[in-house]
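Visitor: Chains as they are written, first to last, in this note's numbering: chain A, 1 to 393; chain B, 1 to 393. Backbone N, C-alpha and C define an ideal beta-carbon position, used for all residues, glycine too. Please read these numbers as outputs of a predicted model, since none were measured by experiment.
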């Protein structure tokens with residue numbers, strides 16, 4: 001481009017973010033991002049790294065030494081986990097019950113792995129019996145599952161049962177906790193998860209850019225004893241270990257500001273208390289759920305595996321998903337999202353995450369959604385949502 | 001970790017960053033980072049993406065459609081370029097004259113490529129005759145060179161001659177412009193560079209986290225006609241094309257805040273004018289160079305390939321690099337760095353980048369450095385630096 005383009009001051013609209021993420025960011029986290037930088041090898045930054053790692057361990061409920069933010073968005077942390085733990089020729093077992101199991105498969109193949117599947121329909125969790133059968137049939141080396149499926153709003157129950165099956169077959173377990181970390185009960189150590197990754201822009205309410213990852217010693221032993229290096233240099237955990245471990249050796253320039261933000265977001269988690277934070281998400285999302293159900297809308301997943309942080313609501317007859325989504329954005333500066341993959345056009349995805357998981361947002365969402373459904377002619381009677389939500393609190 | 005760790009408010013020291021990056025960030029860019037987020041698929045964010053891409057084209061001096069920020073630090077943009085352009089079994093020619101040529105080699109191998117070398121000592125640029133010989137000997141498919149070698153302070157001259165040689169052998173050219181983009185003359189289109197990547201935290205003075213990459217049609221045609229997908233899903237440019245191209249389809253959650261920051265940093269480039277910005281770097285770094293030379297210190301590279309943005313200064317007798325670096329940090333809150341690889345312990349690396357490339361910082365650096373050298377007993381007479389710098393302006 002020859003001449004400087006005329007680009008004005010940054011003035012994005014002031015949205016209320018109640019979609020699948022990013023979620024609303026706490027003002028303290030935004031303010032942390034305007035802090036002048038220190039160098040990524042500065043002794044002061046090393047202290048900040050240590051603190052951030054401690055705070056991450058607290059949120060993950062783990063003592064894992066190898067707990068760090070990966071320098072990229074959640075998918076980078078995901079590929080760091082899968083690309084390092086799946087060696088060429090190995091087999092990874094992945095689920096078919098949502099969008100992100102499919103992404104796991106794609107990453108395992110890129111790593112040189114073979115992919116086998118354990119089936120469940122979109123909108124349902126895995127059945128441990130099916131996982132057991134898949135292990136018996138395929139003897140996979142690595143098993144990936146999605147704890148909180150952002151595409152379907154399904155929470156995987158019975159995690160300790162899944163990890164028990166995997167470990168009895170000497171497989172490592174990788175958990176996608178993108179939409180659970182910091183909002184939904186997750187116990188990496190108690191549940192014997194070998195590796196877990198997350199995104200910061202969901203229940204941690206932190207801007208994306210540095211993404212939580214934790215590996216236990218079994219997982220890290222495998223990473224450090226690979227026959228061939230991982231296929232990405234940027235995401236090679238044996239090299240990242242040099243930077244985030246005791247050595248603090250230069251690998252790449254850490255995204256300093258994103259680490260500042262993550263540290264502040266995790267401080268808010270620590271101040272609230274992780275169990276109290278899970279309880280808040282259940283309580284506030286429970287009100288949201290009561291409200292939309294009182295409006296005649298239907299939640300996609302059963303109560304047994306409802307995911308408080310991401311509510312998949314069936315699109316009612318008489319309206320389209322995009323009609324409602326656009327109406328909410330244009331009239332209310334409010335973001336919710338539609339479905340992905342098998343559920344494209346079938347559901348709304350309404351987030352209740354982190355700083356967004358507040359009663360005021362439930363009231364706002366239900367009011368705005370009632371107007372949208374009414375104005376656009378949905379075959380439901382949207383009155384009564386607010387009252388039901390209030391009653392549930 | 002069982003209990004929440006006691007981590008206090010974020011209060012990093014207030015450093016003046018005159019090392020190899022990150023460089024000092026302009027207050028307008030820091031402020032942009034405290035802007036509340038919109039969603040990564042919001043129509044308003046699509047406009048912001050368009051504007052950022054236009055501004056990047058201006059800075060790169062290119063009309064390339066495929067010009068985008070990669071969601072990671074400079075090394076992620078580097079691996080996106082190399083990992084997509086080098087197919088398994090292909091040969092990449094890389095230089096041996098610095099740290100980052102070595103990183104190119106490592107990434108090319110991870111991509112499944114063979115690596116061949118064109119030799120030059122650390123601290124010198126490539127000789128086109130040697131590049132010609134290497135092409136004749138090895139017929140590589142891809143040629144990588146480092147326009148601005150952050151480890152040695154060497155600027156590669158004669159770039160059009162290098163690209164001519166490569167194209168006469170039907171090879172694609174990848175340029176590392178990490179430490180030149182926005183500070184040192186760089187003309188992607190006029191110089192016929194096929195792909196170039198950079199870091200935002202150097203001469204653009206933007207926090208790391210979203211990193212510039214540009215590819216011309218020849219390079220993108222190769223990416224889109226690969227026999228096998230690239231080995232990283234996260235950095236697969238054929239998928240990123242879906243998000244940053246016309247389709248705007250979901251791939252991963254873009255680091256919204258880092259894009260805000262990059263857009264603001266690039267607006268500052270456009271307001272100043274890219275050629276004026278190059279001239280400022282030459283003028284201010286020239287004063288720095290005059291100053292340190294007047295103090296009896298020696299710049300590592302010859303004047304013909306001096307890199308204004310990164311000044312490699314020989315450590316004088318009587319002091320150690322770490323002694324001086326620690327002194328400046330502890331007494332002046334001032335960051336400079338030491339050498340890497342072959343030049344470890346041999347040089348100081350003093351950045352003059354972006355918002356850091358100001359006369360006030362030259363005066364501060366020379367004053368502080370004179371004190372450090374004097375106090376620590378260097379075999380030089382550090383008087384006279386400031387006067388020489390002032391005279392050169």
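1) Give the straight-line distance between the Cα atoms of residue 344 of chain B and residue 253 of chain B, rounded to the nearest whole angstrom.
2) Given a threshold of 16 other Cβ atoms within 10 Å of its Cβ, counted over all protein chains shown, does residue 13 of chain B qualify as buried or as exposed?
3) Would the C-beta of residue 35 of chain A count as close to the ligand GTP, meaning under 8 Å from any of its heavy atoms?
4) Out of curiosity, what's the CA-to-CA distance linking residue 100 of chain B and residue 75 of chain B?
5) Entirely within the segment 81 to 157 of chain B and at least 3 residues each: give me those beta strand (DSSP E) ranges in chain order.
6) For chain B, check one thing: does any of its Cβ atoms lie closer than 9 Å to the Cβ of residue 177 of chain A?
7) Between residue 95 of chain A and chain B, is the shortest Cβ-Cβ distance under 9 Å, so that the two count as touching?
8) Run through DSSP, which three-state label would residue 249 of chain B get?
9) In three-state DSSP terms, what is residue 380 of chain A?
10) If you drop the 5 nearest sequence neighbours on each side, which residues of the same chain put their C-beta closer than 8 Å to that of residue 35 of chain B?
11) Going by DSSP, what residue range makes up the beta strand (DSSP E) through residue 357 of chain B?
12) Specify whether the segment 204 to 222 of chain B and the segment 65 to 84 of chain B touch according to this definition: at least 3 beta carbon pairs, one from each stretch, less than 8 Å apart.
13) Alpha carbon to alpha carbon, how far is residue 239 of chain B from residue 372 of chain B?
14) Measure the C-alpha to C-alpha separation of residue 150 of chain A and residue 142 of chain A and round it to an integer number of angstroms.
15) Counting beta carbon pairs with one atom in the segment 291 to 306 of chain A and one in the segment 194 to 210 of chain A, are three or more of them shorter than 8 Å?
16) Going along the segment 231 to 243 of chain A in order, which residues come within less than 9 Å of chain B, judged by CB to CB distance?
17) Could you work out which residues of chain B lie near residue 58 of chain A, taking near to mean beta carbons separated by less than 9 Å?
18) What is the rounded straight-line gap between the Cα of residue 263 of chain B and the Cα of residue 56 of chain B?
19) Please confirm whether residue 162 of chain A has its beta-carbon closer than 9 Å to some beta-carbon of chain B.
20) Given residue 163 of chain B, which residues of its chain have a CB within under 7 Å of its CB, disregarding the five upstream and five downstream residues?
21) For residue 69 of chain B, write down the residues that DSSP places opposite it in a beta bridge.
22) Can you tell me the Cα-Cα spacing of residue 161 of chain B and residue 128 of chain B, whole angstroms?
23) Residues of the segment 177 to 208 of chain A with a CB closer than 7 Å to any CB of chain B: list them in chain order, please.
24) Can a CB atom of chain A be found closer than 9 Å to the CB of residue 71 of chain B?
25) Measure the C-alpha to C-alpha separation of residue 47 of chain A and residue 199 of chain A and round it to an integer number of angstroms.
26) Just tell me which of A/268, A/40, A/338 and A/18 has its CA closest to the CA of residue 243 of chain A.
27) Closer than 7 Å, Cβ to any Cβ of chain B: which residues of the segment 293 to 322 of chain A, in chain order?
28) Is the distance from the Cβ of residue 394 of chain B to the Cβ of residue 23 of chain B below 9 Å?
29) Taking residue 32 of chain B as the query, report the chain A residues whose CB atoms sit under 7 Å from its CB, ordered along the chain.
30) Are there three or more Cβ pairs, one per stretch, closer than 8 Å when the segment 381 to 389 of chain A is compared with the segment 281 to 293 of chain A?
31) Are the beta-carbon atoms belonging to residue 340 of chain A and residue 250 of chain B less than 9 Å from one another?
32) In chain B, which residues lie less than 9 Å from residue 227 of chain A when you measure between Cβ atoms?
33) Under three-state DSSP, which class holds residue 197 of chain A?
34) Determine, using beta carbons only, whether residue 124 of chain A and residue 302 of chain A come nearer to each other than 9 Å.
35) So, are the CB atoms of residue 285 of chain A and residue 311 of chain A less than 9 Å apart?
36) To the nearest angstrom, how far is it from the Cα of residue 120 of chain A to the Cα of residue 111 of chain B?
Guide: Walking through what the data contain:
1) What you label residue 344 of chain B is simply residue 344 of the second chain in a count that begins at 1. What you label residue 253 of chain B is simply residue 253 of the second chain in a count that begins at 1. Taking C-alpha positions only, residue 344 of chain B is separated from residue 253 of chain B by approximately 38 Å.
2) The residue you call residue 13 of chain B lines up with position 13 of the second chain. By the neighbour-count rule (16 or more Cβ atoms within 10 Å), residue 13 of chain B is not buried but exposed.
3) In terms of ligand content, the structure shown is empty, and the ligand GTP therefore cannot be addressed.
4) Start at 1 with the first residue of the second chain, and residue 100 of chain B comes out as number 100. Start at 1 with the first residue of the second chain, and residue 75 of chain B comes out as number 75. If you take the alpha carbons of residue 100 of chain B and residue 75 of chain B, they lie about 10 Å apart.
5) Counting whole runs of 3 or more residues, the segment 81 to 157 of chain B contains the beta strand (DSSP E) stretches 91 to 95, 114 to 118 and 142 to 146.
6) For this step, residue 177 of chain A is matched to residue 177 along the first chain. Not an interface residue.
7) On the first chain, position 95 is the one that residue 95 of chain A refers to. Residue 95 of chain A does not count as touching chain B.
8) Counting from 1 along the second chain, the entry for residue 249 of chain B is found at position 249. Per DSSP, reduced to three states, the secondary structure at residue 249 of chain B is coil, with no helix or strand assignment.
9) Numbered from its first residue, the first chain carries residue 380 of chain A at position 380. Note: residue 380 of chain A maps to coil in three-state DSSP.
10) Here the question's residue 35 of chain B lines up with position 35 in the second chain. For residue 35 of chain B, where only same-chain residues beyond five positions count, the Cβ hits under 8 Å are 257 and 260.
11) Within the second chain, residue 357 of chain B is the residue found at index 357, counting from 1. For residue 357 of chain B, no beta strand (DSSP E) encloses it, and the DSSP letter there is neither H nor E.
12) Between the segment 204 to 222 of chain B and the segment 65 to 84 of chain B, the count of C-beta pairs closer than 8 Å reaches three or more; the two stretches touch.
13) Here the question's residue 239 of chain B lines up with position 239 in the second chain. Here the question's residue 372 of chain B lines up with position 372 in the second chain. If you take the alpha carbons of residue 239 of chain B and residue 372 of chain B, they lie about 51 Å apart.
14) The residue labelled residue 150 of chain A in the question sits at position 150 within the first chain. The residue labelled residue 142 of chain A in the question sits at position 142 within the first chain. Between residue 150 of chain A and residue 142 of chain A, the C-alpha separation is close to 22 Å.
15) The answer is no - the segment 291 to 306 of chain A does not touch the segment 194 to 210 of chain A, with fewer than three Cβ pairs under 8 Å.
16) From the segment 231 to 243 of chain A, only 231, 232, 233, 234, 235 and 236 have a Cβ closer than 9 Å to chain B.
17) The residue labelled residue 58 of chain A in the question sits at position 58 within the first chain. Here the neighbours are 1, 2, 3, 4 and 5.
18) For the purposes of this step, residue 263 of chain B is taken as the residue at position 263 of the second chain. For the purposes of this step, residue 56 of chain B is taken as the residue at position 56 of the second chain. Answer to the nearest angstrom: the Cα atoms are 8 Å apart.
19) Residue 162 of chain A sits at position 162 when you count from the first residue of the first chain. Chain B, which has no Cβ nearer than 9 Å to the Cβ of residue 162 of chain A, makes this no.
20) Start at 1 with the first residue of the second chain, and residue 163 of chain B comes out as number 163. Contacts found: 173, 191, 192 and 193.
21) Residue numbering aside, residue 69 of chain B sits at position 69 when the second chain is read from its first letter. DSSP, once it has assigned bridges, lists B/212 as partnering residue 69 of chain B.
22) By one-based count along the second chain, residue 161 of chain B stands at place 161. By one-based count along the second chain, residue 128 of chain B stands at place 128. Rounded to whole angstroms, residue 161 of chain B and residue 128 of chain B show a C-alpha spacing of 7 Å.
23) Listed by position, the residues of the segment 177 to 208 of chain A near chain B (Cβ gap below 7 Å) are 199, 201, 207 and 208.
24) Taking the first residue of the second chain as 1, we reach residue 71 of chain B at position 71. Interface residue, yes.
25) As a first step, residue 47 of chain A must be located in the first chain, where it is residue number 47. As a first step, residue 199 of chain A must be located in the first chain, where it is residue number 199. The straight-line gap from Cα to Cα measures roughly 23 Å.
26) Counting from one through the first chain, the residue named residue 243 of chain A turns up at place 243. Out of A/268, A/40, A/338 and A/18, A/40 has the C-alpha closest to the C-alpha of residue 243 of chain A.
27) Answer set for the segment 293 to 322 of chain A: empty.
28) Nothing about residue 394 of chain B can be read from this structure; chain B reaches only from 1 to 393.
29) Within the second chain, residue 32 of chain B is the residue found at index 32, counting from 1. Going along chain A in sequence order, the residues near residue 32 of chain B (Cβ under 7 Å) are 10.
30) Taking 8 Å as the limit for Cβ pairs, the verdict is that the segment 281 to 293 of chain A does touch the segment 381 to 389 of chain A.
31) Here residue 340 of chain A refers to the residue found at position 340 of the first chain. Here residue 250 of chain B refers to the residue found at position 250 of the second chain. Yes, Cβ-Cβ distance for residue 340 of chain A and residue 250 of chain B is below 9 Å.
32) Numbered from 1 along the first chain, position 227 holds the residue referred to as residue 227 of chain A. Under the 9 Å cutoff, chain B gives no residues; its nearest Cβ is about 14 Å from residue 227 of chain A.
33) The residue given as residue 197 of chain A occupies position 197 in the first chain. Residue 197 of chain A: strand per DSSP, three-state reduction.
34) Taking the first chain and counting its residues from 1, the one referred to as residue 124 of chain A is at position 124. Taking the first chain and counting its residues from 1, the one referred to as residue 302 of chain A is at position 302. By the CB criterion at 9 Å, residue 124 of chain A and residue 302 of chain A fall inside the cutoff.
35) Mapped onto the first chain, residue 285 of chain A falls at position 285. Mapped onto the first chain, residue 311 of chain A falls at position 311. It is a contact, given that the beta carbons lie within the stated cut-off.
36) Residue mapping note: residue 120 of chain A aligns to position 120 of the first chain, counting from 1. Residue mapping note: residue 111 of chain B aligns to position 111 of the second chain, counting from 1. Straight-line Cα distance between these residues: approximately 34 Å.
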